[in-house]
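What follows is one structure encoded as structure tokens, with my remarks underneath.
2 protein chains.
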Amino acid sequence: MPQSAIRPIEWVDGEVVILDQTLLPHGEESVRCTRVAEVAEAICSLRVRGAPLIGIAAAYGLALAARGDEASVMGRVTRAADLLRATRPTARNLFWAIDRMVSRAEAGATADELLREARAIHEEDAETCRAIGDHGAPLIPQGATVLVICNAGSLATGGIGTSLAIIRAAHRSGKSVSVLACETRPLLQGARLTMWELMRDGIPATLITDGMAGTCMARGMVDLVIAGADRIARNGDTANKIGTYSLAVLARHHGLPFYIAAPMSTVDLSLADGSAIPIEERGPEEVRSFSGSPSAPADAPVFNPAFDVTPTELVAGIVTERGVMTAPYEKSLPA
Amino acid sequence: MPQSAIRPIEWVDGEVVILDQTLLPHGEESVRCTRVAEVAEAICSLRVRGAPLIGIAAAYGLALAARGDEASVMGRVTRAADLLRATRPTARNLFWAIDRMVSRAEAGATADELLREARAIHEEDAETCRAIGDHGAPLIPQGATVLVICNAGSLATGGIGTSLAIIRAAHRSGKSVSVLACETRPLLQGARLTMWELMRDGIPATLITDGMAGTCMARGMVDLVIAGADRIARNGDTANKIGTYSLAVLARHHGLPFYIAAPMSTVDLSLADGSAIPIEERGPEEVRSFSGSPSAPADAPVFNPAFDVTPTELVAGIVTERGVMTAPYEKSLPA
């Protein structure tokens, strides 16, 4: 089945149709949102997730909110933007997309024009993914195995992904490439989503638990690591799914390159370094259980940060739609 | 509740009563073994687990097999030993206990004498745990947080554990000590067993997923790491639960000491280094599912090594019943 068949979000007849990723890979069901509050709930509950994709979801949510009396578009968009900004704190793309939509509304855009803007954000992200893939593919040597974490694929973006775009581009160019996918506890996006995507595409992939990454590197089973990103500071410090930092330290210990792949909309030009990136902490039940099955004493104290920050020193390069940036990253960024 | 209430294995009225650890912490049920094949099944299926404890289980299994016609004890013990040796390849203590029982049988021990030998192995391990705790407790600074993996506690030994013995001894001495417990996928011994033990003892403990260890170290939440062991080579290379090696690399990166705690029966004097330690690979279903719930595509390829090897360079010291050994370890070992 072609990977383009994966459509994690669509605008259909005035509704935002979101593939419910919490049910994958065993259920493929969508939720149809007719109100922005439903979109916000889908973002909070991770029915839709992945930094670029939640930006797209927020844009469609604002397009939903804009519909109605044209005289009060701005008021509805402002309230909806406040609601959406409060859903998840870490992914920069969410705020980037909301800001872009709000600034169009401030410039007097109609509801129809705001829908066109949301569609443009969606379509531009698909193009961005293709460009990330094309720029990053040369980083993968012939016959290499790439270690990945979480899901930075079609289910995280409006296109073919970020880290998975690079793997897909290398695969399509005829290179032999295989993947080791960390399952990515607590919500298992690697096991549930990345394995599902790669198996659909026929790209060889093997699933491991997060604790196996080190021994796989020591055994020579890994050639490079490519991770996505939720927010990148000006100096290259990068917030991404919890566990990414450990992979970067392990890669350094084993002399393996560790790359980040993300659209420019993930870069937060306001942050000099990663110390001010807000790190979302989620509820204890995610760690005490999976999919309804308890895995720990019911009252076990839990620490559950959803993201960690990898310092720029451990990053070999950042692949964006503009090319492969290397340190010092500030030189590649707008002032 | 006093920790001594945890009895993972007992010989009761001619039966080996094994607490079924696969059901913990939500179910506390025992299996009663009347034949050695049932003990072997309990070891294979991890109803009884932990390197010292499976040695004790094997000893009781051989005591079971010995019962019957006194003229043919040796034949039954030999066949039972073959069965038990084939259960799990990595833990040295299993083979150590079997060898000790077989050599008693070869010396003409009766079934009653073999039962006394099994009980002695059990009781000596309890004493060994106490000694490990006493030797190791000074390694924990006042107010420290210890990161642990898997379960190296009462559920893994005949006593108060190995790494958990050290934490318990520090706690009992009045030191303020807290624990960060890695959940330890795939089988979640950290979440299910270590959290259960520590919460019973009233020792402050917080559960994290395995991928969170790095960020916890970077945030200054960890003072030292203490892991158990399944097999230790003469040079100090140590096989332990998968994920241990990653913790050792992370500890080194953050300048934190990484200790091993284990009885001398875990040391394999026949191995110069860890390269020849057999590493058990287990079935894919352990990784494709989580606590009974499927967590990946049903046909996802999986790599599932149950252990990894931490090289001696990353080990700050090995705590045994004899004291704290440091490199070069060969000097502390019998020739």
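Heads up: the protein sequence lines correspond to chains A and B, in order. Counting from 1, position 261 in the first sequence corresponds to residue 261 in this note's numbering; the numbering is continuous, with no gaps. Take the position in the second sequence, starting the count at 1, then add 1000; the result is the number in this note's numbering. Where is the CB? At the ideal position from N, CA and C, for every residue including glycine. Just so you know, these numbers come straight off a predicted model, no measurement behind them.
- In the displayed model, isoleucine 1167(B) falls within a helix according to three-state DSSP.
- Taken through DSSP and simplified to helix, strand or coil, proline 1052(B) comes out as helix.
- The beta carbon of phenylalanine 290(A) falls within 7 angstroms of a beta carbon belonging to chain B, placing the residue at that interface.
- Annotation: leucine 115(A) is outside any beta strand (DSSP E); the continuous alpha helix (DSSP H) that includes it extends over 111 to 136.
- Within 10 angstroms of the beta-carbon of alanine 1059(B) lie 16 or more other beta-carbons, which makes it buried.
- Identification of chain B residues near isoleucine 242(A) by a Cβ-Cβ cut-off of 8 angstroms yields Thr1209, Gly1211, Met1212, Thr1215, ordered along the chain.
- Under DSSP, the beta-bridge partners assigned to phenylalanine 1290(B) are Ser1293(B).
- Put simply, the backbone Cα of isoleucine 203(A) is about 20 angstroms away from that of glycine 158(A).
- For glycine 211(A), the three-state secondary structure derived from DSSP is helix.
- Sequence-distant Cβ neighbours of proline 1141(B) in its own chain, meaning closer than 7 angstroms and more than five residues away, are Asp1223.
- Sequence-ordered contacts of the segment 1009 to 1029 of chain B with chain A read Pro1025, His1026 [C-beta pairs closer than 7 angstroms].
- Excluding sequence positions up to five before and after arginine 7(A), its CB lies within less than 8 angstroms of the CB of Leu19, all in the same chain and listed in chain order.
- Serine 72(A) and alanine 111(A) have their C-alpha atoms spaced approximately 10 angstroms apart.
- Remark: C-beta atoms of leucine 1250(B) and valine 249(A) approach each other more closely than 7 angstroms.
- Proximity of histidine 253(A) to chain B, defined by a Cβ-Cβ separation below 7 angstroms, is satisfied.
- By the Cβ-count criterion, lysine 1241(B) is buried, with 16 or more other Cβ atoms from all chains shown falling within 10 Å of its own Cβ.
- In this structure threonine 1184(B) does not touch alanine 1262(B) by the C-beta definition: roughly 17 angstroms separates them, more than the 8 angstroms allowed.
- Tryptophan 196(A) belongs to the set of residues whose beta carbon lies under 7 angstroms from a beta carbon in chain B.
- When Cβ pairs closer than 8 angstroms are counted between the two stretches, the segment 96 to 110 of chain A is seen not to touch the segment 38 to 50 of chain A, the count staying below three.
- Against chain A, a Cβ distance below 7 angstroms from arginine 1192(B) picks out Ser295, Ala296.
- Apart from sequence neighbours up to five positions away, the residues of its chain that approach arginine 1067(B) with a beta-carbon distance below 6 angstroms are Ala1111, ordered along the chain.
- If you ignore the 5 residues before and after arginine 252(A), its C-beta comes within less than 8 angstroms of the C-beta of Phe258, Leu314, all in its own chain and listed in chain order.
- Contact between the segment 284 to 293 of chain A and the segment 1277 to 1296 of chain B is present: three or more C-beta pairs spanning the two stretches fall below 8 angstroms.
- About 5 angstroms separates the Cβ atoms of glycine 1133(B) and isoleucine 1166(B), confirming a contact at the 8 angstroms cut-off.
- Under a criterion of Cβ atoms nearer than 8 angstroms, the residues of chain B adjacent to leucine 250(A) are, in order, Ser1246, Val1249, Leu1250.
- The beta carbons of alanine 1118(B) and threonine 1087(B) sit about 16 angstroms from each other, so the pair does not count as a contact at 8 angstroms.
- Assigned with DSSP and collapsed to three states, aspartate 1268(B) falls in strand.
- As a beta-bridge residue in DSSP terms, phenylalanine 258(A) pairs with Val225(A).
- A distance below 7 angstroms separates the beta carbons of threonine 1215(B) and aspartate 308(A).
- Residue-level contact by beta carbon holds for leucine 1188(B) and chain A, with a gap shorter than 7 angstroms.
- As a beta-bridge residue in DSSP terms, glycine 1317(B) pairs with Tyr1259(B).
- Taking the C-beta atoms as reference points, threonine 206(A) is found nearer than 7 angstroms to proline 1301(B).
- Between alanine 91(A) and isoleucine 121(A), the CB-CB gap reaches or exceeds 7 angstroms.
- Think of a sphere of 7 angstroms around the beta carbon of alanine 218(A): the chain B residues whose beta carbon falls inside it are Tyr1245, in chain order.
- Under the Cβ criterion of 7 angstroms, aspartate 308(A) is counted among the residues facing chain B.
- Proximity of phenylalanine 1303(B) to chain A, defined by a Cβ-Cβ separation below 7 angstroms, is satisfied.
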